[in-house]
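**Student:** Residue 36 is where the sequence shown starts when you use this note's numbering, and the numbers rise one by one after that. Glycine residues also receive a C-beta, built at the ideal position from the N, C-alpha and C atoms. Note that the structure is predicted; figures quoted are calculated from it, not measured.
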Amino acid sequence: MAEAGLLGKKLVIALADDNGRVLEKSPEILKWSEEVITTEEKKAPIGEESEWRQVMHSGWKGSISGQDTNGAYDAIVDAQIKYQDETGDSLSFLIFTTRVYKDGTVKKYKFTDVTFDGYKADVDGNNKPINNSINWHATKRVPL
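(1) In whole angstroms, what separates the C-alpha of aspartate 180 from that of serine 85?
(2) Identify which residue in Asp148, Lys163, Trp67 has its Cα closest to the Cα of lysine 175.
(3) Quick one, are the C-beta atoms of glutamate 69 and phenylalanine 131 less than 9 Å apart?
(4) Out of His172, Glu121, Lys143, Gly106, point me to the one whose CA is closest to glycine 153's CA.
(5) Can you look up glutamate 86 in the DSSP assignment and give me helix, strand or coil?
(6) Answer with buried or exposed for leucine 126, where buried requires no fewer than 16 other C-beta atoms within 10 angstroms of its C-beta.
(7) Take the Cβ of isoleucine 99 as the centre, count every other Cβ of all protein chains shown within 10 Å, and call the residue buried at 16 or more, exposed below.
(8) Can you give me the start and stop residues for the alpha helix (DSSP H) that valine 112 sits inside?
(9) Report, in whole angstroms, the separation of the C-beta atoms of tryptophan 95 and valine 71, which I expect to be a contact under 8 Å.
(10) Got a sec, what are the start and stop residues for the beta strand (DSSP E) arginine 176 sits in?
(11) Using 8 Å for Cβ pairs, my map puts glutamine 102 next to isoleucine 165. What's the rounded Cβ distance?
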């Protein structure tokens with residue numbers, strides 16, 4: 036069992052073709068978030084003492100943010116725009132994550148059918164770094 040005290044996570048974004056074959060990987064990006072997307076259905080039948088509840092998992096979402104040190108954010112947006120211009124469709128990506136815990140446990144996941152939206156870049160000016168953020172949505176998280 037993984038021991039509390041996560042040491043770090045690695046995030047690699049890969050461009051994939053329609054068959055899921057990885058074509059190109061971006062350099063590592065370290066600051067990100069992930070969240071499961073759920074929908075909930077509740078029913079409280081008349082005359083029953085308790086209510087019925089069902090939670091359905093419908094995907095994953097999150098964001099990637101931080102200083103632009105390697106151009107990966109621009110590479111994602113440029114690839115999306117180019118693909119849409121050429122095909123009229125949305126480009127899907129894969130995200131690979133690696134988590135290393137304090138006790139040495141390593142967990143790896145692959146997020147499939149990833150699409151990005153909400154790209155934003157800002158800078159305070161002068162010689163300060165550019166900060167970027169972009170949102171992502173995936174259909175599945177697969178343990179590797």
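**Tutor:** Let me lay it out:
(1) Only positions 36 to 179 of the chain appear in the structure, and residue 180 is not among them; the question remains open.
(2) Sequence index remark: in the sequence shown, residue 175 carries index 140 (1-based). For lysine 175, the nearest C-alpha among the options comes from Asp148.
(3) Residue mapping note: residue 69 aligns to position 34 of the sequence shown, counting from 1. Residue mapping note: residue 131 aligns to position 96 of the sequence shown, counting from 1. No, the Cβ-Cβ distance between glutamate 69 and phenylalanine 131 is not below 9 Å.
(4) As a working mapping, residue 153 is identified with position 118 in the sequence shown. Selected option, being the one with the closest Cα: His172.
(5) Your numbering for residue 86 matches position 51 in the sequence shown. Here glutamate 86 sits in coil by DSSP.
(6) Walking along the sequence shown from the start, residue 126 turns up at place 91. Leucine 126 is buried by the Cβ-count criterion.
(7) Position 64 of the sequence shown holds residue 99. Isoleucine 99 comes out buried.
(8) Looking up residue 112 in the sequence shown gives position 77. Counting along the chain, the alpha helix (DSSP H) containing valine 112 begins and ends at 107-122.
(9) As a position in the sequence shown, residue 95 is number 60, starting the count at 1. As a position in the sequence shown, residue 71 is number 36, starting the count at 1. So it is a contact: roughly 6 Å between Cβ atoms.
(10) Sequence index remark: in the sequence shown, residue 176 carries index 141 (1-based). Looking at the DSSP string, the run of the beta strand (DSSP E) that includes arginine 176 is 175-178.
(11) Indexing the sequence shown from 1 puts residue 102 at position 67. Indexing the sequence shown from 1 puts residue 165 at position 130. Confirmed, Cβ separation roughly 7 Å.
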